[in-house]
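Student: One structure coming up, written as C-alpha cells, with questions to follow.
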Amino acid sequence: MREYDFENFEAEWRRRWEESGMHTCKDDDPRPKYYCLDMFPYPSGAGLHVGHWRGYVLSDVVTRYKTLRGFNTLHPMGWDAFGLPAENDAIKKKIHPRENTKKNVDNIRRQLKEIGAMYDWSREFSTTDPDYFRWTQWIFVQMFKAGLAYKREMPINWCPSCKTGIANEEVVNGVCERCGEAVDKKNLNQWMLRITKYAERLLTDLDKLDWPEQVKLLQRNWIGRSEGADVVFTAISARDGSRKDVTVYTTRPDTLFGATFMVFAPEHPMVAEICDPAKEQEIKEYVEWARKQTDIDRANVKKDKTGVFIGAYAVNPVNGAEIPIWISDYVMMGYGTGAIMAVPAHDERDFEFATKFGIPIIEVIYSENAKRDASGALTEAKRTAYKGVVRPVEGTMLTVLKDTSEKVNQCLAGRKKPGQKSRQLQDARLDIFEAEVLGRADSARELRQMRMGGSPRRPAPGDAPRSRIIRADGNRRVASGRDDGLGEHDLPGMRRPGQTRDGHHAAVGRLLVVFPALRFPEVRRRSGGPGGARQMAASRPLRRRH
Numbered sequence: 327m328r329e330y331d332f333e334n335f336e337a338e339w340r341r342r343w344e345e346s347g348m349h350t351c352k353d354d355d356p357r358p359k360y361y362c363l364d365m366f367p368y369p370s371g372a373g374l375h376v377g378h379w380r381g382y383v384l385s386d387v388v389t390r391y392k393t394l395r396g397f398n399t400l401h402p403m404g405w406d407a408f409g410l411p412a413e414n415d416a417i418k419k420k421i422h423p424r425e426n427t428k429k430n431v432d433n434i435r436r437q438l439k440e441i442g443a444m445y446d447w448s449r450e451f452s453t454t455d456p457d458y459f460r461w462t463q464w465i466f467v468q469m470f471k472a473g474l475a476y477k478r479e480m481p482i483n484w485c486p487s488c489k490t491g492i493a494n495e496e497v498v499n500g501v502c503e504r505c506g507e508a509v510d511k512k513n514l515n516q517w518m519l520r521i522t523k524y525a526e527r528l529l530t531d532l533d534k535l536d537w538p539e540q541v542k543l544l545q546r547n548w549i550g551r552s553e554g555a556d557v558v559f560t561a562i563s564a565r566d567g568s569r570k571d572v573t574v575y576t577t578r579p580d581t582l583f584g585a586t587f588m589v590f591a592p593e594h595p596m597v598a599e600i601c602d603p604a605k606e607q608e609i610k611e612y613v614e615w616a617r618k619q620t621d622i623d624r625a626n627v628k629k630d631k632t633g634v635f636i637g638a639y640a641v642n643p644v645n646g647a648e649i650p651i652w653i654s655d656y657v658m659m660g661y662g663t664g665a666i667m668a669v670p671a672h673d674e675r676d677f678e679f680a681t682k683f684g685i686p687i688i689e690v691i692y693s694e695n696a697k698r699d700a701s702g703a704l705t706e707a708k709r710t711a712y713k714g715v716v717r718p719v720e721g722t723m724l725t726v727l728k729d730t731s732e733k734v735n736q737c738l739a740g741r742k743k744p745g746q747k748s749r750q751l752q753d754a755r756l757d758i759f760e761a762e763v764l765g766r767a768d769s770a771r772e773l774r775q776m777r778m779g780g781s782p783r784r785p786a787p788g789d790a791p792r793s794r795i796i797r798a799d800g801n802r803r804v805a806s807g808r809d810d811g812l813g814e815h816d817l818p819g820m821r822r823p824g825q826t827r828d829g830h831h832a833a834v835g836r837l838l839v840v841f842p843a844l845r846f847p848e849v850r851r852r853s854g855g856p857g858g859a860r861q862m863a864a865s866r867p868l869r870r871r872h
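Next comes the structure, spelled out in C-alpha cells:
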C-alpha cells in the first residue's frame with residue numbers, strides 16, 4: 327500500500343479551496359443563512375493543542391454539513407487577544423505586546439489552516455483591532471448611560487506573580503495553577519454589569535430552545551433567579567453605640583421571628599466600624615485566614631463551620647430583638663449584600679453554626695416531620711414547605727398567626743398565570759406577611775419583589791430590578807430602574823466598508839462576526855445611540871399605610 331503523502335496532498339487542496347473561495351460567505355447569497363461561531367482562542371505562545379481541535383472539529387463538521395445541505399454558512403475565526411496574560415507573556419519574552427501577539431496569531435492561524443478547518447478567513451479579526459474595540463467601547467458607553475454599568479469593590483483571587491485575578495478553578499491548594507505562587511484575596515474597585523436586568527428574558531427564552539433539558543437546567547441554575555425581599559436591620563456599634571442600616575436578602579421573610587443572629591462576610595467593610603475593640607486582633611486573624619480560602623471551599627456546605635463574634639448586635643425589624651453579629655467564611659461579599667439573617671431552625675448551615683456556638687434556635691414554622699430530641703428541640707434544620715403556620719414566640723409583637731394557607735390560595739386565585747406559580751406564591755407570602763404581621767395594607771402588590779441572584783460560585787453582579795424592602799420604621803421603598811436592559815433598537819445604523827447607507831444593516835468591518843443580528847433589515851436603524859442618559863431611578867420611600 328502506497329504511503330499517504332499528506333504534506334503535499336493536503337497543501338494542494340488547501341490552496342485550491344482558498345483560491346476558489348468556497349469557504350467565503352457572500353452577503354448577497356440568496357440561500358438560507360446559517361451562522362456558526364467558535365470560542366476564539368487566546369493567542370498564547372504555546373499555540374493550539376489537540377484539546378482545542380477537539381472542540382473546533384464539532385463546529386467544523388456542522389458547518390460542512392449545513393453547506394452541503396444548501397445553506398449560505400458563515401463560520402468565522404478571530405483572536406481573543408486582550409488581557410493581562412498576553413501582556414505578561416510579552417513582558418516575560420521582552421517583546422512588545424503588539425509584536426508578540428501578532429507572532430502568536432500567525433502561528434495559530436497556520437495551525438488551523440493546516441488541519442483544513444472550514445473558516446471564512448476574509449472575516450478574521452482580533453479583539454485588539456481598533457475597528458473592533460471601538461464598538462466594544464461604544465457598547466460599554468451605552469450600558470453606562472442605561473444604568474447597566476457601575477463600579478463596585480469586589481474580592482478576587484489575586485496572584486502577585488502573574489499580577490492578575492484568576493478563577494477559583496485556577497487556585498489549587500492555595501497557590502496559582504500557572505506559576506505556583508501563593509494566592510491572596512484582594513479587594514479591587516471593578517466595573518460591573520447588571521446582567522441581572524436580562525435574567526428574566528434569558529430564563530423565558532430558554533423554553534424556545536431545542537436543547538436537551540439537562541443543558542437548559544444548567545443554564546437556569548447558572549442564572550439563579552430567586553424571589554424574596556430585602557430586610558433592613560439596624561446594627562449597633564460596640565464602639566460608640568451608633569446605629570447603621572444593614573440590608574439582608576431573604577426568600578423567606580415569614581421566618582424573620584426565627585432570626586437569632588446575623589452573619590457578615592469576614593471582608594464586610596462594616597465589621598471594622600462596629601466591632602468591639604477588644605476583638606480586633608481575633609477578627610483580623612480570622613479575616614486573614616478566610617481570605618486564603620477559595621469561594622468554592624467557602625461554599626462547601628459540608629465543611630466545618632467557623633466564625634468569630636464581633637461584639638456588636640443588630641435589631642430585628644419585626645420584634646425589636648437584639649441579636650449578635652458574627653463573621654463567618656460561609657458568607658461571601660460577592661453574593662447578595664455580604665450579610666445574612668440567620669434562621670437556624672430552617673437553614674442547614676445556620677443550624678450547624680448555631681449548634682456549634684451555642685446560639686438559640688427558635689422554630690417559627692412548625693413541622694411534625696422534623697427530627698427532635700427528648701425535650702422536643704430540633705436536631706436538624708427543617709426547610710418546611712410554606713403553610714403559613716407561625717408558632718407563638720414569647721416577647722415578640724407576634725402572639726399568634728393562624729393558618730394563612732387559605733389566604734395564600736385566595737391571593738393566588740386572582741393572579742394565576744401559566745408558568746408563574748412559584749413567583750405568584752412568593753408574592754402571596756410577602757403580601758400576607760406585611761398585612762398580617764407588620765400591619766401594612768395589602769394593596770402594595772404592584773411592588774413586585776423579584777430579585778435576580780446567582781449561586782455562591784457564580785454571583786450575579788448588580789441589584790435586583792425591583793425588591794421590596796422591609797424596614798423597622800414601617801417605611802417601604804422600591805429599588806427600581808430600567809428593567810428591559812438594552813435591545814436591538816438601541817443599536818446605531820452601521821455599514822460595512824464600501825456599502826452605502828441604503829443597503830441593509832451591517833456592522834463596520836468585521837463586527838458582523840460578533841453581531842449577526844445587525845445584518846437583517848427588520849432591525850430598526852438609528853443615527854446614534856440611545857438618546858440621553860438613562861440613569862437608575864432614585865428610590866423614594868413609600869409611607870406606611872394604616
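Counting in the working numbering, the sequence shown runs from 327 upward without gaps. Ideal Cβ positions, reconstructed from N, Cα and C, are used throughout, including at glycine. It should be emphasised that the depicted structure is a prediction, and the values quoted were computed from it without experimental measurement.
Specify, as a first and last residue, the run of the beta strand (DSSP E) that Ala647 falls within.
Tutor: Element bounds for Ala647: n/a, residue is neither H nor E.
Student: Using CA atoms only, rank isn't needed, just tell me which of Gln545, Ala472, Asn398, Asp386 is closest to Lys439.
Tutor: Among Gln545, Ala472, Asn398, Asp386, the Cα nearest to that of Lys439 is on Asp386.
Student: Judging by CA-CA distance, which residue of Ser452, Ala412, Val641, Gly381 is the nearest neighbour of Met403?
Tutor: Of Ser452, Ala412, Val641, Gly381, the residue nearest in Cα terms is Ser452.
Student: Helix, strand or coil: how does DSSP classify Asn334 here?
Tutor: Three-state DSSP puts Asn334 in a helix.
Student: Beta carbon of Val597, beta carbon of Ile562: below 7 Å?
Tutor: No, Cβ-Cβ distance for Val597 and Ile562 is not below 7 Å.
Student: Taking just the CA atoms, how far does Trp461 sit from Arg546?
Tutor: Cα to Cα, Arg546 sits roughly 30 Å from Trp461.
Student: Given this structure, state the Cα-to-Cα distance separating Pro486 from Asp510, to the nearest angstrom.
Tutor: Near 8 Å, if we compare the C-alpha coordinates of Asp510 and Pro486.
Student: Enumerate, from N- to C-terminal direction, the unbroken beta strand (DSSP E) stretches of 3 or more residues contained entirely within the stretch 634 to 687.
Tutor: 634 to 641, 648 to 653, 665 to 668, all fully within the stretch 634 to 687.
Student: Just curious, the beta strand (DSSP E) that Ala561 is in, first and last residue?
Tutor: Note, Ala561: beta strand (DSSP E), 555 to 562.
Student: Please report the straight-line C-alpha distance between Met667 and Asp623, rounded to a whole angstrom.
Tutor: Their backbone Cα atoms lie some 21 Å apart in a straight line.
Student: Secondary structure at Glu526, three-state DSSP: helix, strand or coil?
Tutor: Glu526 falls in the helix class under three-state DSSP.
Student: Restricting to Cα atoms, I'd like to know which of Ala372, Val467, Asp655 is closest to Ile609.
Tutor: Measuring from the Cα of Ile609, the nearest candidate turns out to be Asp655.
Student: Reducing DSSP to helix, strand and coil, say where Gln468 ends up.
Tutor: Three-state result, Gln468: helix.
Student: List the endpoints of the continuous alpha helix (DSSP H) containing Asp386.
Tutor: Start and end: 376 to 394.
Student: Val613 by DSSP, collapsed to three states: which one?
Tutor: It is helical.
Student: If you count every other CB in all the chains shown that lies within 10 Å of the CB of Glu689, and 16 or more means buried, which is it?
Tutor: By the neighbour-count rule (16 or more Cβ atoms within 10 Å), Glu689 is buried.
Student: If you measure between the beta carbons of Val657 and Val558, is that distance less than 7 Å?
Tutor: Not in contact: Val657 and Val558 (Cβ atoms no closer than 7 Å).
Student: To the nearest angstrom, report how far apart Glu344 and Asp531 are at their CA atoms.
Tutor: Cα-Cα distance, rounded: 39 Å.
Student: Which of the three DSSP states, helix, strand or coil, is assigned to Arg478?
Tutor: In this structure, Arg478 counts as strand in the three-state DSSP scheme.
Student: Exposed or buried, what is Phe459 when buried is set at 16 or more other beta-carbons lying within 10 Å of its beta-carbon?
Tutor: Under this definition Phe459 is an exposed residue.
Student: For the candidate residues Gly442, Arg504, Trp379, whose alpha-carbon lies nearest to that of Asn414?
Tutor: That would be Arg504, whose Cα lies nearest to the Cα of Asn414.
Student: Pairs of beta-carbons, one from the stretch 374 to 388 and one from the stretch 427 to 442, closer than 8 Å: are there three or more?
Tutor: Touching, yes, given that three or more Cβ pairs across the two stretches are closer than 8 Å.
Student: Compare the C-alpha of Gly660 against each of Met327, Arg340, Arg478 and name the closest.
Tutor: Taking only the C-alpha atoms, the option nearest Gly660 is Arg478.
Student: Does DSSP classify Val572 as helix, strand or coil?
Tutor: If DSSP states are grouped into helix, strand and coil, Val572 belongs with the strands.
Student: Evaluate Leu543 with the Cβ neighbour count: other Cβ atoms within 10 Å of its Cβ, from every protein chain shown; 16 or more gives buried, anything less gives exposed.
Tutor: Exposed, because fewer than 16 other Cβ atoms sit within 10 Å of the Cβ of Leu543.
Student: Enumerate in chain order the residues of its own chain whose CB-to-CB distance from Phe679 is below 6 Å, with the five nearest sequence positions on each side excluded.
Tutor: The residues are Lys631.
Student: Would you check if the distance between the CB atom of Ala638 and the CB atom of Ala564 is smaller than 7 Å?
Tutor: Yes, the Cβ-Cβ distance between Ala638 and Ala564 is below 7 Å.
Student: Quick check on DSSP: helix, strand or coil for Thr490?
Tutor: If DSSP states are grouped into helix, strand and coil, Thr490 belongs with the strands.
Student: Taking Cβ to Cβ, would you say Gly500 is nearer than 7 Å to Lys618?
Tutor: Yes, these two residues count as a Cβ contact at 7 Å.
Student: Helix, strand or coil: how does DSSP classify Tyr361 here?
Tutor: DSSP places Tyr361 in strand when its eight states are reduced to three.
Student: Write down the C-beta distance between Thr577 and Gly554 rounded to the nearest angstrom, noting that I regard them as a contact closer than 8 Å.
Tutor: With a Cβ gap of about 4 Å, Thr577 and Gly554 count as contacting.
Student: Tell me the DSSP secondary structure of Leu519 in three-state form.
Tutor: Looking at Leu519 - three-state DSSP - the assignment turns out to be strand.
Student: Once the 5 residues before and after Leu535 are set aside, which same chain residues still bring their CB inside 7 Å of it?
Tutor: Excluding sequence neighbours, Leu535 sits near Lys542.
Student: Could you check the C-alpha separation between Cys502 and Ile492 for me, to the nearest Å?
Tutor: The straight-line gap from Cα to Cα measures roughly 8 Å.
Student: Kindly give me the distance between the Cβ atoms of Tyr612 and Val634, rounded to whole angstroms, as I take these residues to be in contact under 8 Å.
Tutor: Right, the Cβ-Cβ distance comes to about 5 Å (below 8 Å), so this counts as a contact.
Student: If I'm right that Thr393 touches Cys362 with Cβ under 8 Å, what's the distance once you round it to whole angstroms?
Tutor: Their Cβ separation, rounded to whole angstroms, is 10 Å, which puts Thr393 and Cys362 out of contact at 8 Å.
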